[in-house]
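One structure is given here, and the rest of the page talks about it.
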Amino acid sequence: MSEARSCVFCAIVAGETEADRVLETEDLVAFLDQRPVFKGHVLLVPREHVVTLPDLPARLRDGFLAAAQRLATAVVDGLGAQGSFVAMNNTVSQSVPHLHLHVVPRTKGDGLRGFFWPRTSYVDLAERGEYAARLRAVLE
Numbered sequence: 005m006s007e008a009r010s011c012v013f014c015a016i017v018a019g020e021t022e023a024d025r026v027l028e029t030e031d032l033v034a035f036l037d038q039r040p041v042f043k044g045h046v047l048l049v050p051r052e053h054v055v056t057l058p059d060l061p062a063r064l065r066d067g068f069l070a071a072a073q074r075l076a077t078a079v080v081d082g083l084g085a086q087g088s089f090v091a092m093n094n095t096v097s098q099s100v101p102h103l104h105l106h107v108v109p110r111t112k113g114d115g116l117r118g119f120f121w122p123r124t125s126y127v128d129l130a131e132r133g134e135y136a137a138r139l140r141a142v143l144e
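Following the numbering used here from start to finish, the sequence shown increments by one per residue and tops out at 144.
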């Protein structure tokens, strides 16, 4: 239980930590990564504190995948990406011990190679908010 209390993603879900949310359901929240691989990089998390994919309750699986599909479509429709990179880590390389799926907008020639994930940043909070608004517009 203490792990969930100290979890940054649980704090985002609870509204205690600010994040640019792009999608919310009864069971899930998606928000912009603050250290994106590319601008518009989204993280999808269950509201319930779950550490890894094998821990995800069966009742959440379909909704989680459906939301991932919507987000993969949104980065194309809302941001003009040509496609997306969708991934998650389980324990190893999992920077926050709360299940999260990355949806990263991709464009041919963008420089992403293999499993090295260079990070970028937004110019400011206004630019980050603009990316979130563009995604929300196609998700609503």
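A virtual CB, placed ideally from N, CA and C, is assigned to each residue, including glycine. Remember, predicted model here, so these are calculated numbers, not experimental data.
Secondary structure at residue i, three-state DSSP: helix, strand or coil?
i    : result
L60  : coil
F13  : helix
F35  : strand
V142 : helix
V49  : strand
E131 : helix
V96  : coil
G87  : strand
With 16 other CB atoms within 10 Å as the buried threshold, where does residue i fall?
i    : result
A70  : exposed
P122 : exposed
P58  : exposed
Do residue i and residue j have their C-beta atoms within less than 7 Å of each other?
i   : j    : result
A72 : L105 : yes
V17 : R51  : yes
V90 : F13  : no
D66 : V142 : no
Given this structure, state the Cα-to-Cα distance separating residue i from residue j, to the nearest angstrom.
i    : j    : result
V54  : T95  : 12 Å
F35  : G133 : 11 Å
P61  : F42  : 30 Å
V79  : H45  : 8 Å
L30  : V49  : Position check: residue 30 holds Glu in this sequence, whereas Leu was assumed. Distance between the alpha carbons of E30 and V49 is about 12 Å.
E22  : R117 : 31 Å
M5   : V33  : Annotation note: pLDDT 44 at M5 (below 50); position unreliable, no value reported.
E131 : R9   : 30 Å
Q38  : S125 : 7 Å
A136 : G113 : 24 Å
R138 : L47  : 16 Å
R74  : R25  : 14 Å
F68  : R140 : 17 Å
Taking 6 Å as the cut-off, is the beta-carbon of residue i closer than that to any non-hydrogen atom of the ligand GTP?
i    : result
V107 : Of ligands this structure carries none, so the ligand GTP is not represented either.
Just checking: is the beta-carbon of residue i within a distance shorter than 7 Å of some beta-carbon in chain D?
i    : result
V127 : Here there is only one protein chain, and chain D is not present.
*Would you be able to state if there are at least three C-beta pairs under 8 Å between the segment 100-111 and the segment 73-86?*
yes
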